[in-house]
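Shown next, in structure tokens, is the structure this report addresses.
Here it is, written out as structure tokens:
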């Protein structure tokens, strides 16, 4: 059985996705303008990075996880004990869940901020980011092989992160002015 997982796989996947995003930005900046092209590519990259971090098993040696041993429901224990058990760079799991979605919210606003329809697309996109978080948690619930857990705390933290990114994007809009085509 081939096992795939661990932070190395996540980082490698993120780097490959970043290269593809840069190529996409370079290919589309003539038509979209630099700010919008980078923002669209950044949004797509952040969605792939979120999927890698949340859906790739944390260890390559997980092996087979029997369906009988997986949880049948999501944890509704808001702020439960799992947040303190996982730490990276001195940051706990809850903080990392928030930070994971900040770029997606930020890039979303900048990607659609060029057009008037962005007034509709940005809030709709924020709702889709919330749905994306829900979809990830439901996938973690259904696929025992991932050795991940569905948790309402993760969903709330992810939505908060997307909201923070959204607010930062709104603050950056008048600075970067994506509606002005800057060909560099």
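Residue numbers (full-length UniProt numbering): 1 to 184. Note that the Cβ used here is the ideal one computed from N, Cα and C, for glycine as well.
Checklist entry - Nearest to residue 51 by alpha carbon, out of 100, 78, 152, 122? => result 100
Item to check | Nearest-angstrom Cα separation, counted from residue 106 out to residue 177 | outcome: For residue 177 and residue 106, the distance between alpha carbons rounds to 14 Å.
Checklist entry - So what does DSSP say about residue 71, is it helix, strand or coil? => result If DSSP states are grouped into helix, strand and coil, residue 71 belongs with coil.
Checklist entry - Measuring CA to CA, which of 98, 58, 125 is closest to residue 110? => result For residue 110, the closest of 98, 58, 125 by C-alpha to C-alpha distance is 125.
Checklist entry - If we ignore side chains and look at the alpha-carbon of each, how far apart do residue 38 and residue 96 end up? => result 24 Å
Next on the checklist: For residue 122 and residue 32, I'd like the C-alpha separation in whole angstroms.
Outcome noted: Taken atom to atom, the span from the alpha-carbon of residue 122 to that of residue 32 is near 17 Å.
Item to check | Straight-line Cα distance separating residue 34 from residue 16 | outcome: 21 Å
Item to check | Presumed contact (8 Å Cβ cut-off) between residue 5 and residue 60, rounded CB distance | outcome: 4 Å
Next on the checklist: Let's see if you can read the secondary structure: which residues bound the alpha helix (DSSP H) around residue 34?
Outcome noted: According to the DSSP assignment, residue 34 belongs to the alpha helix (DSSP H) that extends over 34–55.
Checklist entry - Can you name the residues that DSSP bridges to residue 12? => result Per DSSP, none; premise fails for residue 12.
Checklist entry - To which residues of the same chain is residue 79 closer than 6 Å at the C-beta, ignoring the five residues directly before and after it? => result 153
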